[in-house]
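Trainee: With the sequence shown counted from 1, adding 4 to any position gets you the numbering used here. We put the beta carbon where it would ideally sit given N, CA and C, even for glycine. Bear in mind that the values here come from a model prediction, so they are computed numbers and not experimental data. Below is one structure. I have some questions about it.
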Amino acid sequence: ASITPAKRRRLLLAAQLYLLRLALVPPCRFDVVAIDAGALRWLPGAIEM
């Protein structure tokens, strides 16, 4: 499965709602692990707030 624009929006909205509850907002990013033909590929910072 891929990260569609709709999935990205839902993920970012959930993260924003969570971060609003914190007194101090830390830097936030989302890493992605892609699996292609059994090979793993780590994409650090694939989605940033």
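#1: Since tryptophan 19 is in the alpha helix (DSSP H), which residue starts that stretch and which ends it?
#2: Go ahead and pull the three-state DSSP assignment for leucine 28.
#3: Can you tell me whether DSSP reads alanine 43 as helix, strand or coil?
#4: Just to confirm my understanding: we take arginine 33, look at its own chain, exclude 5 residues before and 5 after, and list those with CB closer than 6 Å. What are they?
#5: Beta-carbon separation of valine 37 and leucine 24 under 9 Å?
Mentor: Put simply:
#1: According to the sequence as given, residue 19 is alanine; it is not tryptophan. It spans 9-24 - the alpha helix (DSSP H) in which alanine 19 sits, taken as one unbroken run.
#2: coil
#3: strand
#4: Gly49 and Glu52
#5: The answer is no: Cβ separation not under 9 Å.
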